[in-house]
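> Supplied in structure tokens, the structure appears directly below.
In this note's numbering, the protein residues as written are 2 to 217.
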């Protein structure tokens with residue numbers, strides 16, 4: 002009889018444990034569902050903005066070619082190339098090469114906010130150089146990401162809410178944030194990146210001067 006009571010007690014304990022597991026699993030599922038919905042929506046919005054970048058590029062390249070041509074500047078290397086998946090664009094403006102990509106939106110990622118909770122966003126990278134040459138066709142995502150962050154010009158973060166503005170960060174300005182409405186994000190991000198790169202330049206490299214003993 003005692004064994005039966007012990008069995009009943011064990012059943013009750015297991016039932017309580019099962020109830021706790023069910024409740025906790027339910028909370029996890031609710032949180033994951035919320036992340037999934039925001040990730041899906043932000044990914045769709047990011048794709049829409051990236052398509053806008055592609056559409057605006059056609060006009061930008063044409064205007065650049067026209068403007069440089071009338072100034073007798075060779076325009077053979079004013080071009081853009083788009084991959085078949087429409088997730089990578091490589092832009093050449095004379096001696097400058099810039100890549101735009103949305104390939105790394107593989108899981109929910111959030112952007113921290115001081116006055117509000119973190120917001121889940123898709124991300125579009127602007128990279129200095131030819132993406133395919135920089136990553137050298139590496140299949141390792143972490144290796145690719147390290148290379149991208151090293152050569153990053155700017156990033157555009159696209160939230161799930163359509164009414165919420167996108168956030169552009171500029172690397173050489175300590176990731177200073179610029180807020181751009183989603184309808185204007187593609188055009189403004191594209192133009193700002195082109196302006197940042199093409200308005201700058203490179204210094205001649207200098208060797209390190211050595212102090213030689215006995216030199217005059």
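Ideal Cβ placement from N, Cα and C applies to all residues, glycine included.
Because the structure is a prediction, the values reported are computed rather than measured.
Taking the alpha carbon of residue 84 as the reference point, which residue from 66, 65, 51 has its own alpha carbon closest?
With distances taken between Cα atoms, residue 84 lies closest to 51.
> Do residue 78 and residue 161 count as a contact pair if the criterion is CB distance below 9 Å?
No; because the gap between Cβ atoms is not below 9 Å, this pair is not in contact.
> Hey, could you find the ends of the alpha helix (DSSP H) residue 186 is sitting in?
That run of the alpha helix (DSSP H) goes 183-199.
> Roughly how many angstroms lie between the CA atoms of residue 48 and residue 99, to the nearest whole one?
Going by the C-alpha atoms only, they are around 19 Å apart.
> Rounded to a whole number of angstroms, what is the C-alpha to C-alpha distance between residue 23 and residue 36?
Taking the straight line from one Cα to the other gives about 20 Å.
> Please classify residue 89 as buried or exposed, where buried requires at least 16 neighbouring CB atoms within 10 angstroms.
Answer is buried; the Cβ neighbour count reaches 16.
> My guess is that residue 164 and residue 186 are in contact by the Cβ rule of under 8 Å, so how many angstroms apart are they, rounded?
Not confirmed; about 13 Å, so no contact.
> Three-state secondary structure (DSSP) at residue 204?
Looking at residue 204 - three-state DSSP - the assignment turns out to be coil, as it is neither helix nor strand.
> Assuming residue 154 contacts residue 194 (C-beta within less than 8 Å), just tell me the rounded distance between them.
So it is a contact: roughly 6 Å between Cβ atoms.
> Is the stretch 190-209 touching the stretch 53-72, taking contact as three or more C-beta pairs under 8 Å?
The stretch 190-209, when compared against the stretch 53-72, does touch it at the 8 Å Cβ threshold.
> Quick check on residue 216: does DSSP put it in helix, strand or coil?
Note on residue 216: pLDDT 48, under 50, position unreliable in the model; the coordinate value appears next. Here residue 216 sits in coil by DSSP.
> Can you check DSSP and say which residues form a bridge with residue 148?
Answer is none; residue 148 lacks a bridge partner.
> Helix, strand or coil for residue 20? Go by DSSP, reduced to three states.
Of the three classes helix, strand and coil, the one that applies to residue 20 here is helix, per DSSP.
> Run through the stretch 96-142 for me and flag every whole alpha helix (DSSP H) of 4 or more residues, listed as ranges in chain order.
List check, alpha helix (DSSP H) in window: 132-136.
> So what does DSSP say about residue 39, is it helix, strand or coil?
Residue 39: helix per DSSP, three-state reduction.
> Based on Cα-Cα distance, which residue from 71, 199, 137, 105 lies nearest to residue 156?
Cα-wise, what sits closest to residue 156 is 105.
> Is the beta carbon of residue 107 closer than 9 Å to that of residue 142?
It is a contact, given that the beta carbons lie within the stated cut-off.
> Identify the residues that DSSP records as bridge partners of residue 153: which are they?
Beta-bridge pairing links residue 153 to 128.
> When DSSP labels each residue in this structure, what does residue 70 get in the three-state scheme?
Three-state DSSP puts residue 70 in a helix.
> Answer with buried or exposed for residue 129, where buried requires no fewer than 16 other C-beta atoms within 10 angstroms of its C-beta.
Classification for residue 129: buried.
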